[in-house]
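Protein chains: 2
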Amino acid sequence: MSISLKTVPSENSRPRNTREKIIWAARRVFAEKGYSQTRIQDLLKAAGVSPGAFYNYFSNKEELFLEIVRETGDQFRGSIKHIRRSRIRIGTQEELYSALKESFRYFFEFVHRNRAGVRILFREQQNANPRIRETLNEIVFEIQQDLKKDIQRGIDMGLIAISDPEIAAWGIISAVSGVGLNYLGHPKIEQDRLVKALSELFLLGLFKRIPR
Amino acid sequence: MSISLKTVPSENSRPRNTREKIIWAARRVFAEKGYSQTRIQDLLKAAGVSPGAFYNYFSNKEELFLEIVRETGDQFRGSIKHIRRSRIRIGTQEELYSALKESFRYFFEFVHRNRAGVRILFREQQNANPRIRETLNEIVFEIQQDLKKDIQRGIDMGLIAISDPEIAAWGIISAVSGVGLNYLGHPKIEQDRLVKALSELFLLGLFKRIPR
Chain V
38 MSISLKTVPS ENSRPRNTRE KIIWAARRVF AEKGYSQTRI QDLLKAAGVS PGAFYNYFSN
98 KEELFLEIVR ETGDQFRGSI KHIRRSRIRI GTQEELYSAL KESFRYFFEF VHRNRAGVRI
158 LFREQQNANP RIRETLNEIV FEIQQDLKKD IQRGIDMGLI AISDPEIAAW GIISAVSGVG
218 LNYLGHPKIE QDRLVKALSE LFLLGLFKRI PR
Chain W
38 MSISLKTVPS ENSRPRNTRE KIIWAARRVF AEKGYSQTRI QDLLKAAGVS PGAFYNYFSN
98 KEELFLEIVR ETGDQFRGSI KHIRRSRIRI GTQEELYSAL KESFRYFFEF VHRNRAGVRI
158 LFREQQNANP RIRETLNEIV FEIQQDLKKD IQRGIDMGLI AISDPEIAAW GIISAVSGVG
218 LNYLGHPKIE QDRLVKALSE LFLLGLFKRI PR
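The listed protein sequences correspond, in order, to chains V and W. Going by the numbering used here, the first sequence opens with residue 38, and the numbers climb by one from there. Going by the numbering used here, the second sequence opens with residue 38, and the numbers climb by one from there.
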């Protein structure tokens, strides 16, 4: 499986310009220190840039953080959407199953690789800073809308039987992110186990299928 | 349906002694001001007690808050457990469906009636205070374990087909609490709609049942 995790900066993907250099360093600093504990000074030091260079691109810490959140969110959302849609071609339940499974797999791999960053995001989602909270809520809302559309597509194709795609999408996104948060605290749990259990739960439900 | 929401203090259920009076007043103050913004002074004023009376029962704000969280958690957990178990008697899928549905209904009614308090709890779960975080995590863990046991019971009875009751319980609890958090922001959504959609999702799954 070749899923690209573009949102994860690695030593190999060095930034090409000053703006990227600042973002690249800030991802690490925020992940280490959290949002409120990070000072502009820490960001300048980590990026190796002057205050002048910094303020050329970002007016303050909040703006930089929001930019990182938006970039990461857009990339994550794009990847999940691509994984789901590229798998649903012929239109069988098996395909749908594999599409959902792969998008769960991508999510848990993302959480695993971005452990510290994801922890910060969960914390900030309850945070007092309204702009950060709103930005995070918008991203989650968009991901829910994508899933809702895909569920509707499944209904139209005759594969899915559900009467309320909107709430179902809320439920699935909440479950996956809640299990992701739990996974942060239990890193030894195998990703495959989470992926399999959630795919089974959401696609087949708890009930044993009794043939009519 | 007669579900008692004992954890919700009402004007009619006046506290009988000083300790209860403090707890009763503190629930409101914490719900209004949040945990960190509440000062001992606010608690004394709201309860109408002297510092001496307060420190007779609680050594500080944290201890009082934890006591409220534990009491509420125990009552909530007990109610959910009771609702689920008292409904599963004869052992049909219909009964199981109604058991899950009623426990979801209880949850959303609880969120609705304790709007401000629940919001505080969600925020504190990501909070820096480790004792509060741990206490909340313990409560959620216990509720998950109860659900896991009930799922296992359903498996043993031949009603439920799921291979990983533990992760399924994580998923369901996460979904329900995530949807509950969402519901806080969208109070106009009808509870019945949430209850029906989640019961359908968890018991039947997304997939249309294809007769073999």
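Glycine residues also receive a C-beta, built at the ideal position from the N, C-alpha and C atoms.
For Q189/W, collect the residues of the same chain with a Cβ closer than 7 Å to its Cβ; drop the 5 residues on either side in sequence, then sort them by chain order.
The residue given as residue 189/W occupies position 152 in the second sequence. Around Q189/W: P202.
How many angstroms separate the CA atom of R124/W from the CA atom of Y143/W?
Here residue 124/W is taken as the residue at index 87 of the second sequence, counted from 1. Here residue 143/W is taken as the residue at index 106 of the second sequence, counted from 1. Rounded to whole angstroms, R124/W to Y143/W spans 14 Å at the Cα level.
Please state if the CB of I204/W and the CB of L231/V are separated by a distance shorter than 8 Å.
As a working mapping, residue 231/V is identified with position 194 in the first sequence. As a working mapping, residue 204/W is identified with position 167 in the second sequence. Yes. Within cutoff.
Which same chain residues, not among the five before or five after F159/V, have their C-beta less than 6 Å away from its C-beta?
As a first step, residue 159/V must be located in the first sequence, where it is residue number 122. Correct list, in chain order: L218.
For F244/W, does the three-state DSSP call read helix, strand or coil?
If you number the second sequence from 1, residue 244/W lands on position 207. In the structure shown, the three-state DSSP call for F244/W is strand.
Counting contacts by CB-CB distance shorter than 8 Å, is F147/W in contact with chain V?
Here residue 147/W is taken as the residue at index 110 of the second sequence, counted from 1. Judged by the 8 Å Cβ criterion, F147/W is not in contact with chain V.
Under 8 Å, with one C-beta from each stretch per pair, do the stretch 97–112 of chain V and the stretch 165–185 of chain V reach the 3-pair mark?
yes
Whose CA, out of A63/W, V148/W and D187/W, lies closest to the CA of N97/W?
Translated into positions along the second sequence, residue 97/W becomes position 60. It is A63/W.
Determine which residues of the stretch 56–71 of chain W have a Cβ less than 8 Å from any Cβ of chain V, and write them out in chain order.
none
Give a yes or no on contact between the stretch 225–241 of chain V and the stretch 166–176 of chain V, applying the rule of three or more CB pairs nearer than 8 Å.
no
Less than 8 Å between the CB atoms is what I'm expecting for G215/W and G71/V, so what's the real figure, rounded?
What you label residue 215/W is simply residue 178 of the second sequence in a count that begins at 1. What you label residue 71/V is simply residue 34 of the first sequence in a count that begins at 1. Not a contact, Cβ separation roughly 23 Å.
Once DSSP output is grouped into helix, strand and coil, what is the label at I226/V?
The count along the first sequence starts at 1 and reaches residue 226/V at position 189. Shown here, I226/V sits in coil according to DSSP, grouped into three states, outside any helix or strand.
Please identify the residue among V106/W, G115/W, A84/W and E146/W whose C-alpha is closest to the C-alpha of E227/W.
Residue numbering aside, residue 227/W sits at position 190 when the second sequence is read from its first letter. For E227/W, the nearest C-alpha among the options comes from E146/W.
Residues of chain V with a CB under 8 Å from the CB of D201/W: which are they?
Locating residue 201/W in the second sequence gives position 164, counting from the first residue. Per Cβ cutoff of 8 Å: R230, K233, A234 and E237.
Any idea which residues DSSP pairs I197/W with across the strands?
As a first step, residue 197/W must be located in the second sequence, where it is residue number 160. I197/W pairs with F244/V.
Who are the neighbours of G154/W on chain V, taking C-beta pairs under 8 Å?
Counting from one through the second sequence, the residue named residue 154/W turns up at place 117. The premise fails here: G154/W is roughly 14 Å from chain V at the closest Cβ pair, so nothing lies under 8 Å.
I'd like the span of the alpha helix (DSSP H) that includes F102/W, first residue to last.
Position 65 of the second sequence, counted from the start, is the residue given in the question as residue 102/W. Per DSSP, F102/W belongs to the alpha helix (DSSP H) from K98 to R124.
Can you tell me where the alpha helix (DSSP H) with P88/W in it begins and where it stops?
As a working note, residue 88/W is residue 51 in the second sequence. Taken as a continuous stretch (DSSP letters only), the alpha helix (DSSP H) holding P88/W covers P88 to Y94.
For a contact defined as C-beta to C-beta under 8 Å, what are the partners of A259/V on chain W?
No statement about residue 259/V is possible, as the shown extent of chain V runs from 38 to 249 and does not include it.
Mind checking whether the beta-carbon of K58/W lies closer than 7 Å to any heavy atom of the ligand COA?
Ligands displayed in this structure: none; no statement on the ligand COA is therefore possible.
Nearest-angstrom Cα distance between K58/W and K82/W?
One-based indexing of the second sequence puts residue 58/W at position 21. One-based indexing of the second sequence puts residue 82/W at position 45. Looking at the two C-alpha atoms, the distance is approximately 12 Å.
Under 8 Å between the Cβ atoms of V244/W and Q162/V?
Here residue 244/W refers to the residue found at position 207 when the second sequence is read from its first residue. Here residue 162/V refers to the residue found at position 125 when the first sequence is read from its first residue. Here the sequence assigns Phe to residue 244/W, which means Val is not the residue at that position. Cβ distance not < 8 Å, so F244/W and Q162/V don't count as in contact.
For A153/V, collect the residues of the same chain with a Cβ closer than 7 Å to its Cβ; drop the 5 residues on either side in sequence, then sort them by chain order.
Numbered from its first residue, the first sequence carries residue 153/V at position 116. Within the same chain, A153/V has close Cβ partners A68 and E69.
Under the three-state reduction of DSSP, which class applies to P267/W: helix, strand or coil?
Residue numbering for chain W in the displayed model covers 38 to 249; residue 267/W lies beyond these limits and cannot be assessed.
Got a sec: is the Cβ-Cβ distance from I105/W to anything in chain V below 8 Å?
Taking the second sequence and counting its residues from 1, the one referred to as residue 105/W is at position 68. Cβ-Cβ to chain V under 8 Å: no for I105/W.
Distance check for D183/W and L137/W, CA to CA, integer angstroms please.
If you number the second sequence from 1, residue 137/W lands on position 100. If you number the second sequence from 1, residue 183/W lands on position 146. C-alpha separation (whole angstroms): 13 Å.
Do Y220/V and V148/V have their C-beta atoms closer together than 8 Å?
To locate residue 220/V, count along the first sequence from 1; it is residue 183. To locate residue 148/V, count along the first sequence from 1; it is residue 111. Cβ distance < 8 Å, so Y220/V and V148/V count as in contact.
Identify, in the order they occur along the chain, each residue of the same chain with its Cβ nearer than 7 Å to the Cβ of W207/V, setting aside the five sequence neighbours on each side.
Position 170 of the first sequence holds residue 207/V. So the qualifying residues of the chain are Q181.
Which residues, in order along the stretch 204–219 of chain W, keep a beta-carbon less than 9 Å from a beta-carbon of chain V?
The residues in question are I204, A205, W207, G208, I209, I210, S211, A212, V213, S214, G215, V216, G217, L218 and N219.
For a contact meaning CB atoms closer than 7 Å, what does Q130/W contact in chain V?
Sequence index remark: in the second sequence, residue 130/W carries index 93 (1-based). Residues of chain V whose Cβ lies closer than 7 Å to the Cβ of Q130/W are, in chain order, F244.
Does the beta carbon of G85/W come closer than 8 Å to any beta carbon on chain V?
In the second sequence, residue 85/W corresponds to position 48, counting from 1. Output row for G85/W: interface = no.
Please compile the residues from chain W whose C-beta is within a distance smaller than 7 Å of the C-beta of G110/V.
As a working note, residue 110/V is residue 73 in the first sequence. None at all; the shortest Cβ gap to chain W is about 17 Å.
On a CA-only basis, which of I197/V, E132/V, A212/V and R150/V is nearest P224/V? Give me that one, please.
In the first sequence, residue 224/V corresponds to position 187, counting from 1. The candidate whose alpha carbon is nearest that of P224/V is R150/V.
Establish whether the CB of I169/W and some CB of chain V are separated by less than 8 Å.
The residue labelled residue 169/W in the question sits at position 132 within the second sequence. For I169/W, the answer is no, since every Cβ of chain V falls outside 8 Å of its Cβ.
Specify the secondary structure class of T172/W as computed by DSSP and reduced to three states.
If you number the second sequence from 1, residue 172/W lands on position 135. T172/W falls in the helix class under three-state DSSP.
Counting only C-beta atoms, is G195/W closer than 8 Å to chain V at any point?
Sequence index remark: in the second sequence, residue 195/W carries index 158 (1-based). So yes, G195/W belongs to the interface.
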